[in-house]
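Engineer: Numbering (this note's numbering), first residue to last: 36 to 258.
Even for Gly, the Cβ is constructed at its ideal location relative to N, Cα and C.
Only a predicted model underlies this, so the values are computations on that prediction, with no experimental measurement involved.
First the structure, which I've put down as structure tokens, then a few questions once you've had a look.
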């Protein structure tokens, strides 16, 4: 964990930190499950969170007892259809989807000369930032297509510092998931957890809500 004065950049996760896009993923999977004749439930929705696209599709098919009903090519086509559904839903996204306090925090960071990058595993993250009107705050982003390992591997957050030209110890990573905190810590960056501290036990600093994420609060926590 670095001292507050040593931090020059912030590396952000997207979902659950800047905006809650999981609701759009859930709606898109729900649409596809309906088409496949698989009953949708809250339990199924929860089981899909943080799971890759193909694994999510396989889980839906397994839930409906249809895991052997489709060829690999058909599965790829259905996964692509889900992504099309998702992108169409994203077009309705606006600033109201930004989590509490985040836009003010980003503006404050920019005002004080901090450099920002995005470390999201989602290939759709540039579109999300544009829809939210926040893209101009981020000078760089990690291209998930270039990554060899997913979280909790530190690769994505290490790259988040690299694309800013900063050392890991000069960066703080912001995450809402336990595997994300592990990734930040593994990269040698200061970890800021958003959510339940009982779950995000490895975080250097923890805030239960994005509304608590301010430079003043960080300075107090990292003094």
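DSSP beta-bridge partners for residue 151?
Structural biologist: Its beta-bridge partners are 45.
Engineer: What number of angstroms, rounded off, separates the C-alpha of residue 153 from the C-alpha of residue 98?
Structural biologist: The alpha-carbon atoms of residue 153 and residue 98 are separated by roughly 34 Å.
Engineer: As a quick exercise: from 194, 108, 101, pick the residue whose alpha carbon is nearest that of residue 70.
Structural biologist: The residue with the shortest Cα to Cα distance from residue 70 is 101.
Engineer: Could you tell me which residues DSSP puts in a beta bridge with residue 209?
Structural biologist: 47, 227.
Engineer: Would you please state the rounded distance, in angstroms, between the beta carbons of residue 140 and residue 243? I believe it to be under 8 Å.
Structural biologist: Their Cβ separation, rounded to whole angstroms, is 15 Å, which puts residue 140 and residue 243 out of contact at 8 Å.
Engineer: Are residue 167 and residue 133 close, meaning C-beta to C-beta below 7 Å?
Structural biologist: A contact, by the Cβ cut-off of 7 Å.
Engineer: For residue 65, does the count of other Cβ atoms within 10 angstroms reach 16, so buried, or fall short, so exposed?
Structural biologist: Buried, because 16 or more other Cβ atoms sit within 10 Å of the Cβ of residue 65.
Engineer: Please report the residue range of the alpha helix (DSSP H) in which residue 192 lies.
Structural biologist: Its alpha helix (DSSP H) spans residues 190-197.
Engineer: Counting pairs of Cβ atoms below 8 Å between the region 41-60 and the region 204-215, do you hit three or more?
Structural biologist: They touch, by the three-pair rule.
Engineer: Assuming residue 117 and residue 67 make a contact with CB atoms under 8 Å, what is their CB distance in whole Å?
Structural biologist: So it is a contact: roughly 5 Å between Cβ atoms.
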